[in-house]
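Residue 35 in our numbering sits at position 12 of the sequence shown, with consecutive numbering throughout.
Report on the following structure.
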Amino acid sequence: MATAIPLIGGIPAGPELLIILLVLVLLFGANKIPKLARSTGQAMGEFKKGREEVEDELQQMQDGEAADAATDTVEETDELESETEPSA
């Protein structure tokens with residue numbers, strides 16, 4: 024049985040996380056890190072909101088198609104019943 028080997032390691036923890044934080048402080052400065060984190064959080068919120076809107080639209084489209092299919096089935100049944108009923 025073959026197992027998948029991840030190309031990128033897992034989530035950094037311990038010493039790796041400290042090194043990453045140190046590099047961020049050196050690159051951006053201590054004053055800009057909260058602003059950077061805030062803007063990242065806002066961007067993630069906007070992305071989530073947009074994703075939810077797309078999912079809602081897709082769900083509405085699926086519900087509409089299901090309703091159309093049900094209506095078509097009822098119409099076809101009515102047509103078949105009217106064709107098979109004897110004329111008076």
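We put the beta carbon where it would ideally sit given N, CA and C, even for glycine.
| Check | Outcome |
| --- | --- |
| Three-state secondary structure (DSSP) at residue 34? | coil |
| Going by the beta-carbon positions, is the gap between residue 47 and residue 34 smaller than 9 Å? | no |
| So what's residue 66 in DSSP terms, helix, strand or just coil? | helix |
| Could you tell me the alpha carbon to alpha carbon distance between residue 90 and residue 79, rounded to whole angstroms? | 16 Å |
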